[in-house]
Amino acid sequence: LLFISTGRLARNIVMTGNILLNGKKRSLDYGVVAYVTQEDVLLGTLTVRETLIYSAHLRLPSSMSRSEIKDTVEATIMELGLIDCANRQIGNWQLRGISGGEKKRLSIAIEILIRPRLMFLDEPTSGLDSAAAFFVIQSIKNIARDGRTVISSIHQPSSEVFALFDDLYLLSGGETVYFGEAKVATKFFAEAGFPCPSRRNPSDHFLRCINSDFDIVTATLKGSQRLREASSDPLASLGTVNIKNVLVDKYRHSEYARKTKLKQREASKFRDVELDSIKVSHAVWWKQLVTLTDRSFKNMNRDIGYYWSRIIIYTFVAISVGTLFYDVGNGYSSILARGACGGFVTGFMTFMSIGGFPSFIEEMKVFYRERRNGYYGVSVFILSNFLSSFPFLVAVSVITGTITFYMVKFRSEFSHYVFFCLNLFGCIAMVESVMMIVASLVSNFLMGIITGAGVLGIMMMTAGFFRLLPDLPKPFWRYPISYIGYGSWSLQGAYKNDMLGMVFDPLVPGDPKIRGEDVLRQMFKLSLDHSKWWDLFILFCLILCYRVLFFVILKTREKTGPYFQSLYSKRVLHRFKKRPSFKRKSSSSVSSKRYHYNLHPLSSQEGLNSPIP
1 LLFISTGRLA
11 RNIVMTGNIL
21 LNGKKRSLDY
31 GVVAYVTQED
41 VLLGTLTVRE
51 TLIYSAHLRL
61 PSSMSRSEIK
71 DTVEATIMEL
81 GLIDCANRQI
91 GNWQLRGISG
101 GEKKRLSIAI
111 EILIRPRLMF
121 LDEPTSGLDS
131 AAAFFVIQSI
141 KNIARDGRTV
151 ISSIHQPSSE
161 VFALFDDLYL
171 LSGGETVYFG
181 EAKVATKFFA
191 EAGFPCPSRR
201 NPSDHFLRCI
211 NSDFDIVTAT
221 LKGSQRLREA
231 SSDPLASLGT
241 VNIKNVLVDK
251 YRHSEYARKT
261 KLKQREASKF
271 RDVELDSIKV
281 SHAVWWKQLV
291 TLTDRSFKNM
301 NRDIGYYWSR
311 IIIYTFVAIS
321 VGTLFYDVGN
331 GYSSILARGA
341 CGGFVTGFMT
351 FMSIGGFPSF
361 IEEMKVFYRE
371 RRNGYYGVSV
381 FILSNFLSSF
391 PFLVAVSVIT
401 GTITFYMVKF
411 RSEFSHYVFF
421 CLNLFGCIAM
431 VESVMMIVAS
441 LVSNFLMGII
451 TGAGVLGIMM
461 MTAGFFRLLP
471 DLPKPFWRYP
481 ISYIGYGSWS
491 LQGAYKNDML
501 GMVFDPLVPG
511 DPKIRGEDVL
521 RQMFKLSLDH
531 SKWWDLFILF
541 CLILCYRVLF
551 FVILKTREKT
561 GPYFQSLYSK
571 RVLHRFKKRP
581 SFKRKSSSSV
591 SSKRYHYNLH
601 PLSSQEGLNS
611 PIP
């Protein structure tokens, strides 16, 4: 319901009914509606103030100066009570950060930066203790006092939290049980014959009356617990479906419903000039790109698991390779050693780049949240990710390439060293491109690593090292797998860069020297019709193609994701309709003992005078 109300479903989803703002159909444009998800999806390496500053630069108009944006951020920090933790990092798996309540208030602060007129929140108190939940709802209450409309779904709030609500909307089985002032909801239930006991939380009492899950609990416990059957209330033996029907009928003909309809008619006559004139513009494209690049670079720099741990591991592995193949020479045995070293560097060494996948998954979660709320486009995210990761990829390639190249002593010419580092850079960038595609299809980081490892393993298997390229089975493995995988192109380039122009000692002393060209043609069965630079060019073209494919997948998910969500919702609704509490009352009689069991208290400390035993 919140997704529909905020217009977050795809345009191809068929919906019935209308969404009216002040009694009129309006488009839920950017700047009018804000949505706060149940899960707090944030970059844990950033501080609270940095998170708000970056969000402000992404969303507020470019016409605003830096000082104006800073003032807006500081005012929002004060409004949500985040001053004490403004300079603390949010926290992640390696950093101890702010509390759950502070994270929730930060999520709310991000959305109110553009001062929306409507704000929707999905269970803002889930997972919070009573004090944190009260603080969050109190902050939301202050936002509502500032002239904004706040709509929130919430389950079982405490009595203190419930007392902060202005209006209450109770739904059961798609029907309105009550809609009106929260403070008189208990009066309505009492008039309907279900008064709230003096020592029971009103929200618990309401759910006790209309939630059919209690019938399931009753059925489960009936055989193992002696239930109290005696009660002076005539409706004590009713099941949830009958209680709900009584409440729905009572509300439909009550004064509360008439007052609600009157408010709706009054709102439809009111012309909100400010709402009509809202035209909140985004920051310009280049500013979003600079902001996202800076934010992503800072996150990568602070997150040890993103690149720094890989640099350390790559350095250690490069030293290991250098000592294992140290000064490989140009003897006959060096031919196989050079081939093995090239296969390891372009295959297994670059394979370690999947280690940054968990950190990228966390960044993708932030992207999905910001994208759904209309912060920026997909192309900006992909380009900024490449620009921010570029310095780290260069560092990994240069450090690893320098150690390996000069310890193994491949070739002495500087141009060969440059090609070696560029080829290594291309392989690492290609692995990251593949893992990006995997991340767009598999959101779970563990399953993503397994899937990515399988895909990269196939690319390495068809690179031409484990089995020569001409010997690969032509259907599928040779065409097209070896062509769309990075391994074959990078390995061919590495072999040509190393062996073309070299002369090796023969196996039998006195025989003619072995030319590198002959080794490539006869032993490795490589085609020398094109140069190593062409192989490198194809490798970089593959990187570009995989990034474009990543873009296409993300755009496709935006269009088809809500469609699959609707299919899932239909299945859930179909199962839900089979539940007795969803069925409408077929007659004025209220007897459905065939399907329902008597309600009973879950605790002996609940009100003894409750009409619901």
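For what it's worth, full-length UniProt numbering labels the leading residue of the sequence shown as 1, then goes sequentially. All residues carry an ideal CB built from backbone N, CA and C; glycine is no exception.
In the three-state DSSP reduction, PRO202 falls in the helix class (H, G or I). In the structure shown, the three-state DSSP call for TYR169 is strand. Listed in chain order, the non-local C-beta contacts of GLY147 below 6 Å within the same chain number zero, local neighbours out to five positions each way being set aside.
With distances taken between CA atoms, VAL503 lies nearest to ASP518 out of SER490, VAL394 and ASP518. Between LEU542 and SER440 the beta-carbon gap is near 17 Å, outside 8 Å, which marks them as no contact. In the three-state reduction of the DSSP assignment, THR37 falls in the coil class.
Contact annotation: PHE357 and GLY452 have beta-carbon atoms nearer than 8 Å. For the pair of segments examined, the region 44 to 57 was found to touch the region 72 to 92: the number of CB pairs separated by less than 8 Å reaches three. Selection LEU58, ARG115, LEU468 and ILE312 evaluated against TRP286 yields LEU58 as nearest (Cα-Cα). Straight-line measurement puts the Cα of MET523 at about 10 Å from the Cα of GLY516. Its chain contains PHE357, GLY448, THR451, GLY452 and VAL455 as the residues whose beta carbon lies nearer than 8 Å to that of VAL438, once the 5 sequence neighbours on both sides are disregarded; these appear in chain order.
Membership of ASP122 in any alpha helix (DSSP H) is not indicated; the residue belongs instead to the beta strand (DSSP E) covering 118 to 122.
When DSSP states are grouped into helix, strand and coil, GLN288 belongs to the helix group. In the three-state DSSP reduction, ILE354 falls in the helix class (H, G or I). Taking C-beta atoms under 8 Å as the contact rule, ALA109 and LEU80 qualify, at a distance of about 4 Å. Just measuring C-alpha positions, the residue of TYR314, GLU266, ILE137 and LYS141 sitting nearest LYS24 is GLU266.
Straight-line spacing of the CA atoms in LEU469 and SER527 works out to 10 Å.
Taking the Cα of ILE484 as reference, the smallest distance to any Cα among ILE312, TYR546 and SER254 is reached at TYR546. In this structure, the alpha-carbon of ARG371 lies about 20 Å from that of THR45. DSSP lists LEU168 as the bridge partner or partners of GLY180.
The three-state secondary structure of PHE194, taken from DSSP, is coil. The beta carbon of SER5 lies closer than 7 Å to those of ILE19 and PHE120 in the same chain, with the five residues before and after it left out. Less than 8 Å separates the beta-carbon of ARG411 from that of ASP498. Cβ neighbours of ASN201 within its own chain (closer than 6 Å, five residues either side excluded): SER159.
Comparing alpha carbon positions, the residue from SER152, LYS183 and TYR169 closest to ALA163 is LYS183.
Shown here, LEU82 sits in coil according to DSSP, grouped into three states, outside any helix or strand.
By the criterion of a C-beta distance shorter than 8 Å, LEU106 is surrounded in its chain by ASP40, LEU42, VAL48, THR51, LEU52, LEU80, LEU82, ILE90 and ILE98, once the five residues flanking it on both sides are discounted.
By a beta-carbon distance limit of 8 Å, LEU393 contacts ILE428. Their separation comes to about 6 Å. If you draw a straight line from the Cα of THR404 to the Cα of SER333, it is about 19 Å long. Going by DSSP, THR240 is part of the alpha helix (DSSP H) stretching over 240 to 252. The criterion of a C-beta distance shorter than 8 Å is not satisfied by PRO124 and ALA34. Looking at the DSSP output, THR149 sits in a beta bridge with LEU118. DSSP places PHE405 in the helix class (H, G or I) of the three-state scheme. Rounded to whole angstroms, the Cβ separation of LYS244 and ILE210 is 5 Å, and the two are in contact under 8 Å. Close CB contacts of VAL380 within its chain, under the 7 Å cut and outside five residues either way in sequence, are with TRP285, GLN288, LEU289 and LEU292 (chain order). The residues GLN38 and HIS155, in chain order, have a CB closer than 8 Å to that of SER126 in the same chain once the five nearest residues on each side in sequence are set aside.
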